[in-house]
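In our numbering, the protein residues as written are 3 to 290.
Following: one structure in structure tokens, then a few remarks.
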């Protein structure tokens, strides 16, 4: 079995995990939705310009229905997730959104692709979700808001739907053109939000480099890696592996920002790692 697709998805998740640390270097306050819109715009439009310049884009190969649906699900993830965090807190919002995504992905894959999740995926996903819960335990006083929980579930469903639907696009296109088209379309959904948000932080020159990193590396490059892996492995497996994102974010918080993890949180780290290892090696053994 080719081991690389799992590595590409893990590397993508690790890049996503750097976004929180990168945002700590922004001078001033920046609304999370503004950052989300800018990330998608920079990542999508820069890749679109690149593939137009290299003549790698053939509009005749674009499955427009799937591309627009993929773009819509990615665009929906941004307001759903950021609004849920505002209403129910970072810990609860993140755990519900990220933890529910693999479950939704498994269900969607079962319903849409008629592929029933196997035992390896189930065990790995349970380990990773429990690890995610422990990782965020006691980080803040829990605030359970029903609307916030609903929005977090919407975020999880949106990401799972993106992973499922975008596979249709990836069957017709290579990873780079597919990501360029999907994220450019997704940016069109979110750009109007910038008209109502404070963008004064962009006047600080140092912030431009952070925004560029978020758009080019943590969005453009990361989703190229994710899509490259997604072409070759089930969407449910890719979404479970994406739980490496909070793992990376927490470890960067410890070693770069100076945060301190509790014993329970370290147990969560171990379970997350265990889930990722079980999924990767278990799938490999099953296919071998």
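For glycine and all other residues, C-beta sits at the position ideal for the given N, C-alpha and C.
Taking every protein chain shown into account, the CB of residue 208 has fewer than 16 other CB atoms within 10 angstroms, so this residue is exposed.
Counting along the chain, residue 97 sits inside the alpha helix (DSSP H) bounded by residues 92-115. Straight through space, the alpha carbons of residue 51 and residue 262 are spaced by roughly 42 Å. Residue 39 carries a helical assignment under DSSP once its states are collapsed to helix, strand and coil. Between the beta-carbon of residue 187 and that of residue 69 there is about 6 Å, and that keeps the pair under the 8 Å contact cut. In summary, residue 81 is buried, with 16 or more beta-carbon neighbours lying within 10 Å of its beta-carbon over all protein chains present.
Non-local beta-carbon contacts of residue 44 in its own chain, meaning distances under 6 Å to residues more than five positions away in sequence, involve 217 in chain order. The count of Cβ pairs closer than 8 Å, one atom from the stretch 237-249 and one from the stretch 53-73, stays below three, leaving the stretches out of contact.
A buried status is given to residue 229, since no fewer than 16 other beta-carbon atoms sit within 10 Å of its beta-carbon. Here residue 192 is near residue 42, since their CB atoms are less than 9 Å apart.
The beta carbon of residue 36 is closer than 7 Å to those of 196, 199 and 201 in its chain, skipping five residues each way along the sequence. Excluding sequence positions up to five before and after residue 236, its CB lies within less than 7 Å of the CB of 111 and 117, all in the same chain and listed in chain order.
For residue 260, the three-state secondary structure derived from DSSP is coil. The beta carbon of residue 238 lies closer than 7 Å to those of 104, 107, 108, 111, 119 and 123 in the same chain, with the five residues before and after it left out. Cβ neighbours of residue 154 within its own chain (closer than 6 Å, five residues either side excluded): 86, 95, 98 and 99.
Rounded to the nearest angstrom, the Cβ distance from residue 189 to residue 46 is 5 Å, consistent with a contact under 8 Å. Between residue 215 and residue 226, the alpha-carbon positions lie close to 15 Å from each other. Shown here, residue 78 sits in a helix according to DSSP, grouped into three states. Its Cα nearest to that of residue 20, the residue 213 stands out among 278, 213 and 127. Per DSSP, the unbroken alpha helix (DSSP H) holding residue 11 starts and ends at 6-18.
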